[in-house]
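Chains A and B supply the protein sequences, listed in that same order. The numbering of the first sequence is numbering that gives the first Met the number 0, which starts it at 0 and goes up by one. The numbering of the second sequence is numbering that gives the first Met the number 0, which starts it at 0 and goes up by one. Ideal Cβ placement from N, Cα and C applies to all residues, glycine included. Quantities reported herein were computed from a predicted structural model and do not represent experimental measurements. Reading through the structure tokens given below for one structure.
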Amino acid sequence: MVQVTANELKAGMKVEINDEPYLIISNQFVKPGKGSAFNRIKLKNILTNRVIDKTYKSTEKLAFADVEETLMRLIYTENESAIFMDDKTFDQITVPFSILKDKIIWLKEDTLYEILLYKGKIIEIIPPIFMELKIIKTEPGLRGDTSGKVLKPALLETNAKIQVPLFINEGDIIKVDTRTSQYVSRV
Amino acid sequence: MYNKKIIEDRAFLLRKIRNFFYKKNILEVDCPILTKYPSIDTHIESMKTKFFNEEIGYLHTSPEYLMKRLLSKGVGDIYQISHVFRKDEVGSLHNMEFTLIEWYRKNISYKKFILEVIELIQIFLGNLSFSKTSFKKIFYKYTKIDIEKTNKKTLYEFAKKNINLATPFKNIDKDSIMMVIMNTYIEPNIGKNKITIIDNYPLSQSALAKTKKINNSIVSERFEFFFKGIELGNGYHELTDYKEQKKRFIKINKERKNMKKEILPIDKKLLLALKKGLGNCYGIAIGFDRLMMLRHKKSSIKDVILFPYEDL
Numbered sequence: 000m001v002q003v004t005a006n007e008l009k010a011g012m013k014v015e016i017n018d019e020p021y022l023i024i025s026n027q028f029v030k031p032g033k034g035s036a037f038n039r040i041k042l043k044n045i046l047t048n049r050v051i052d053k054t055y056k057s058t059e060k061l062a063f064a065d066v067e068e069t070l071m072r073l074i075y076t077e078n079e080s081a082i083f084m085d086d087k088t089f090d091q092i093t094v095p096f097s098i099l100k101d102k103i104i105w106l107k108e109d110t111l112y113e114i115l116l117y118k119g120k121i122i123e124i125i126p127p128i129f130m131e132l133k134i135i136k137t138e139p140g141l142r143g144d145t146s147g148k149v150l151k152p153a154l155l156e157t158n159a160k161i162q163v164p165l166f167i168n169e170g171d172i173i174k175v176d177t178r179t180s181q182y183v184s185r186v
Numbered sequence: 000m001y002n003k004k005i006i007e008d009r010a011f012l013l014r015k016i017r018n019f020f021y022k023k024n025i026l027e028v029d030c031p032i033l034t035k036y037p038s039i040d041t042h043i044e045s046m047k048t049k050f051f052n053e054e055i056g057y058l059h060t061s062p063e064y065l066m067k068r069l070l071s072k073g074v075g076d077i078y079q080i081s082h083v084f085r086k087d088e089v090g091s092l093h094n095m096e097f098t099l100i101e102w103y104r105k106n107i108s109y110k111k112f113i114l115e116v117i118e119l120i121q122i123f124l125g126n127l128s129f130s131k132t133s134f135k136k137i138f139y140k141y142t143k144i145d146i147e148k149t150n151k152k153t154l155y156e157f158a159k160k161n162i163n164l165a166t167p168f169k170n171i172d173k174d175s176i177m178m179v180i181m182n183t184y185i186e187p188n189i190g191k192n193k194i195t196i197i198d199n200y201p202l203s204q205s206a207l208a209k210t211k212k213i214n215n216s217i218v219s220e221r222f223e224f225f226f227k228g229i230e231l232g233n234g235y236h237e238l239t240d241y242k243e244q245k246k247r248f249i250k251i252n253k254e255r256k257n258m259k260k261e262i263l264p265i266d267k268k269l270l271l272a273l274k275k276g277l278g279n280c281y282g283i284a285i286g287f288d289r290l291m292m293l294r295h296k297k298s299s300i301k302d303v304i305l306f307p308y309e310d311l
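If you want it as structure tokens, here you go:
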């Protein structure tokens, strides 16, 4: 297993602690003038999203987590799962909706998703930051109001419910930020 | 960092400090920063380079050893403002190269020396008040643990519970646990509105300080200054017994060997200087950059250093 000392950890790296993968959020170096060095590390459990703090001796070795990222295309969804395919190898995987959690509202066929694998098992699906999606239901648009300051609810083709400006109509295609579920612009 | 105001202020403060020492008749010295002997310390690593013929040279971690050699020759009170180097120390309060103000005073009382240090800190931070406590007292205040009576297990349990210490029990020694509790659990609360001095450190926590007896226990005459949870400087009633010094250096090398760290060559000329005699002497090293950081209310030392490590 590839190891790294606590002092070398940087935000974004992934390590394994007690058989679970963690993402490093921040790493603070602590050292008195005379005395051994420590690192106070803020980590997020990738499986549970829980954020914790840990203190390690700077020389303490941690193992990198066996987390792989790969891009796969959604080919179709079934009742309780989504089927993704690797464009290069044509390998297909079936991902149960239970793993998708809150990402379930961003499933659109033929879109490329970032798939996180931990020890070969899928743990998370990350949609593109911006997606262009069709409005399937909203109150009729108000002509003339283009300020975008007043918002109304709308249902997107992926079943996501978001807030859009008053001038948006059913059938319009909009750009949305999937991290915040916020409307960005009309396409 | 490029901040003209801070660059100018660094120059201004350097001038003020030199003036401060000049008025007190303390002589500026500029001992070499590249030396043949490293500081012997369990937890401080020197950066290495080479002289001729593969002879190893060390960038100093403080000008202490050479300044002490000057003291033994009878130079009198001296100070040095110097860039120093400490390997692998990078963080919001650490940069591998930083600026240290170090000075030594002969035949001065502890009280007078403390006041002199406060006076210097006030040049940077204004007229702050100060208070003094001992290591034992402050440790007990925050943890209810008596460091003279406790054991490794009690300290480890406390650290596990309160600072999520995750290093396994067998990989860490008692003193390191005590110090990580001190550094991360206690120190951040120290000196919120005034300069706080902590003194009488446990014996294990000083390589070059004299010791004294308080209520049947022996402590080292080491003292540290804090403001807003940040360590500003570390001072000693300087150890002048060369045999004792030699013993401590050997002990440190043993500890380093156990930690699989490099054994360091001992500076015989320093020991000879101690043998010849330093006289009764107090010394301290104060971090110039940390004082600048507090002066400018910055959260990172990188904001007041011209080219921090990341920007070289």
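If we call anything under 8 Å between Cβ atoms a contact, is residue i one with residue j?
i, j, result
"glutamate 15 of chain A", "alanine 81 of chain A", "no"
"isoleucine 161 of chain A", "arginine 185 of chain A", "no"
"valine 83 of chain B", "isoleucine 283 of chain B", "no"
"isoleucine 77 of chain B", "isoleucine 25 of chain B", "yes"
"lysine 56 of chain A", "phenylalanine 37 of chain A", "yes"
"phenylalanine 138 of chain B", "threonine 195 of chain B", "no"
"threonine 183 of chain B", "valine 50 of chain A", "no"
"leucine 116 of chain A", "isoleucine 125 of chain A", "no"
"serine 91 of chain B", "glutamine 27 of chain A", "yes"
"alanine 158 of chain B", "isoleucine 189 of chain B", "no"
"asparagine 252 of chain B", "isoleucine 55 of chain B", "no"
"lysine 33 of chain A", "histidine 42 of chain B", "yes"
In chain B, which residues lie less than 7 Å from residue i when you measure between Cβ atoms?
i, result
"threonine 137 of chain A", "Within 7 Å Cβ-Cβ: nothing; threonine 137 of chain A doesn't reach chain B, min ~45 Å."
"asparagine 6 of chain A", "Asp87"
What residues of chain A sit near residue i, judged by a beta carbon separation below 8 Å?
i, result
"isoleucine 171 of chain B", "Lys56"
"histidine 93 of chain B", "Phe28, Lys30"
"glutamine 204 of chain B", "Lys33, Gly34"
"leucine 90 of chain B", "It should be noted that the sequence gives glycine, not leucine, for residue 90 of chain B. Gln27, Phe28, Val29, Lys30, listed in chain order."
"histidine 42 of chain B", "Lys30, Lys33, Gly34, Ser35, Ala36"
"asparagine 313 of chain B", "Since the first residue shown for chain B is 0 and the last is 311, residue 313 of chain B is missing from the structure and cannot be characterised."
Under a three-way DSSP split, which group does residue i fall into?
i, result
"aspartate 18 of chain A", "coil"
"leucine 33 of chain B", "strand"
"asparagine 188 of chain B", "helix"
"valine 83 of chain B", "strand"
"phenylalanine 166 of chain A", "coil"
"isoleucine 283 of chain B", "strand"
"asparagine 292 of chain B", "Checking the sequence, you will find methionine at residue 292 of chain B rather than asparagine. Helix, per DSSP."
"isoleucine 196 of chain B", "strand"
"isoleucine 146 of chain B", "coil"
"serine 298 of chain B", "coil"
"lysine 30 of chain A", "coil"
"aspartate 101 of chain A", "helix"
"glutamate 156 of chain B", "helix"
"serine 216 of chain B", "strand"
"tyrosine 1 of chain B", "coil"
"serine 184 of chain A", "strand"
"phenylalanine 129 of chain A", "strand"
"aspartate 174 of chain B", "helix"
"leucine 116 of chain A", "strand"
Whose Cβ in chain B lies nearer than 9 Å to the Cβ of residue i?
i, result
"aspartate 52 of chain A", "Ile162, Asn163"
Within its chain, find whatever has a CB closer than 7 Å to the CB of residue i; leave out the 5 residues flanking it on each side and keep chain order.
i, result
"proline 95 of chain A", "Glu79, Ser80"
"glutamate 169 of chain A", "Ile134, Ile135, Lys136, Thr137"
"arginine 17 of chain B", "Glu27"
"arginine 294 of chain B", "Phe123, Leu124"
"lysine 151 of chain B", "Lys173, Ile176"
List, in order along the chain, the chain B residues whose C-beta lies closer than 8 Å to that of residue i?
i, result
"asparagine 168 of chain A", "Within 8 Å Cβ-Cβ: nothing; asparagine 168 of chain A doesn't reach chain B, min ~48 Å."
"glutamate 59 of chain A", "Ala165, Thr166, Asn170"
Taking Cβ-Cβ distances shorter than 9 Å, what residues in chain A pair up with residue i?
i, result
"methionine 178 of chain B", "Pro31, Lys33, Gly34, Ser35, Phe37"
"serine 219 of chain B", "Simply none; closest approach about 10 Å."
"serine 175 of chain B", "Gly34, Ser35, Phe37, Lys56"
"glutamate 230 of chain B", "Pro31, Gly32"
"asparagine 199 of chain B", "In chain order: nothing, as chain A lies at least about 15 Å away."
Report all residues from its chain with a CB closer than 6 Å to the CB of residue i; omit the five preceding and five following residues, and keep chain order.
i, result
"glutamate 131 of chain A", "Ile172, Lys174, Val186"
"threonine 210 of chain B", "Ile217, Ser219"
"cysteine 147 of chain B", "The question names cysteine, but residue 147 of chain B is glutamate in the sequence shown. Hits under 6 Å: Ser216."
"phenylalanine 97 of chain B", "Asp288"
"threonine 69 of chain A", "Ile114"
"phenylalanine 225 of chain B", "Ile189, Gly190, Thr195"
Only counting the same chain, and skipping five residues up and downstream in sequence, which positions put a Cβ closer than 8 Å to that of residue i?
i, result
"alanine 208 of chain B", "Tyr200, Ser219, Glu220, Arg221, Tyr235, His236, Glu237, Leu238"
"isoleucine 45 of chain A", "Lys13, Glu19, Pro20, Tyr21, Leu22, Ala64, Val66, Leu115, Tyr117, Ile122, Glu123"
So residue i contacts chain A; which residues on that side make the cut at Cβ distance below 7 Å?
i, result
"asparagine 233 of chain B", "Gly32, Lys33"
Does chain C have any CB closer than 8 Å to the CB of residue i?
i, result
"asparagine 182 of chain B", "Checking the listed chains, one finds no chain C in this structure; the protein chains it contains are A and B."
Taking only runs that begin and end inside the stretch 73-140 of chain B, name each unbroken alpha helix (DSSP H) of 4 or more residues, in chain order.
-> 109-124
Which parts of the stretch 222-289 of chain B are runs of the alpha helix (DSSP H), unbroken and 4 residues or longer, counting only runs that do not cross its ends?
-> 241-257, 267-275
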